[in-house]
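Everything on this sheet refers to the single structure shown next.
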Amino acid sequence: MTDASDSSPLDVMEVFGYRGIGTLAERMGIEFLELTAERAVARMPVEGNTQPLGLVHGGAYVVLAESLGSTAANLHAGPGKVAMGIEINASHSGSATQGWVIGTCTAIHLGRSLATHQIEVDDENGRRLSTVRITNIIKDRRPDQVFEKS
Numbered sequence: 001m002t003d004a005s006d007s008s009p010l011d012v013m014e015v016f017g018y019r020g021i022g023t024l025a026e027r028m029g030i031e032f033l034e035l036t037a038e039r040a041v042a043r044m045p046v047e048g049n050t051q052p053l054g055l056v057h058g059g060a061y062v063v064l065a066e067s068l069g070s071t072a073a074n075l076h077a078g079p080g081k082v083a084m085g086i087e088i089n090a091s092h093s094g095s096a097t098q099g100w101v102i103g104t105c106t107a108i109h110l111g112r113s114l115a116t117h118q119i120e121v122d123d124e125n126g127r128r129l130s131t132v133r134i135t136n137i138i139k140d141r142r143p144d145q146v147f148e149k150s
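If you're matching positions, the sequence shown starts at 1 in the UniProt record's numbering and goes up one per residue.
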């Protein structure tokens with residue numbers, strides 16, 4: 001279990017040197033706490049990411065997971081390459097109504113053309129909320145593919 005309140009967010013732009021986490025992840029308040037191709041951890045506030053019943057929206061779990069898996073896959077891909085999600089599967093098993101949710105991303109396969117990660121989303125007490133698997137394809141980055149500047 002990761003204690004989200006005791007961790008300082010990473011500057012993903014500094015890690016990559018050329019890209020941030022993207023405007024959607026920023027709007028949702030996602031903060032990266034660890035980042036390698038093999039393991040990444042990020043947190044997302046419940047507030048602002050809920051559906052009408054006050055529970056975290058299932059799509060918000062998927063955005064957190066895809067942000068983790070795609071960022072880790074892009075780190076694995078390296079310079080001159082780009083990783084893009086081609087498949088994602090999510091099973092939601094619980095929900096949170098307050099605090100933070102924490103996603104822990106672990107590599108399943110890091111290859112030359114595909115990267116697959118599993119992301120476990122827990123609440124601050126370590127209770128599982130969602131399990132997500134994402135596969136990213138790794139391709140050469142085209143000159144016209146420009147990354148957002150944060």
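Glycine included, every Cβ here is placed at the ideal spot set by N, Cα and C.
| Check | Outcome |
| --- | --- |
| To which residues of the same chain is G68 closer than 6 Å at the C-beta, ignoring the five residues directly before and after it? | Per the sequence presented here, residue 68 reads as Leu, with Gly not at that position. Within the same chain, L68 has close Cβ partners A40, A42, G103, C105 and I119. |
| Checking 8 Å against the spacing of the C-beta atoms, do N136 and G85 come in under that value? | yes |
| Can you give me the Cβ contacts of S73 inside the same chain, cut-off strictly under 6 Å, excluding the 5 residues immediately before and after it? | Residue identity differs from the one stated: residue 73 is Ala in this sequence, not Ser. So the list reads A83, A115 and N136, once near-sequence residues are dropped. |
| Under the three-state reduction of DSSP, which class applies to A37: helix, strand or coil? | coil |
| Compute the distance between the beta-carbons of A107 and E38, then report whether it is under 8 Å. | yes |
| Going by DSSP in three states, N136 sits in which element: helix, strand or coil? | strand |
| Determine the contact status of V56 and L24, defining contact as a CB-CB distance below 8 Å. | no |
| Report the rounded CA-to-CA distance for E148 versus R27, giving the unit in angstroms. | Confidence at E148 is low in this model, with a pLDDT of 49, below 50, so its placement is unreliable and no value can be given for it. |
| In three-state terms, what does DSSP make of A96? | coil |
| Based on Cα-Cα distance, which residue from E87, A65 and E31 lies nearest to L129? | A65 |
| Using the beta-carbon count (16 or more within 10 Å), is L75 buried or exposed? | buried |
| Can you find the residues in the same chain that come closer than 8 Å, C-beta to C-beta, to T36, ignoring five residues on each side of it along the sequence? | A72 and L75 |
| Would the beta-carbon of K81 fall within 8 Å of that of D123? | no |
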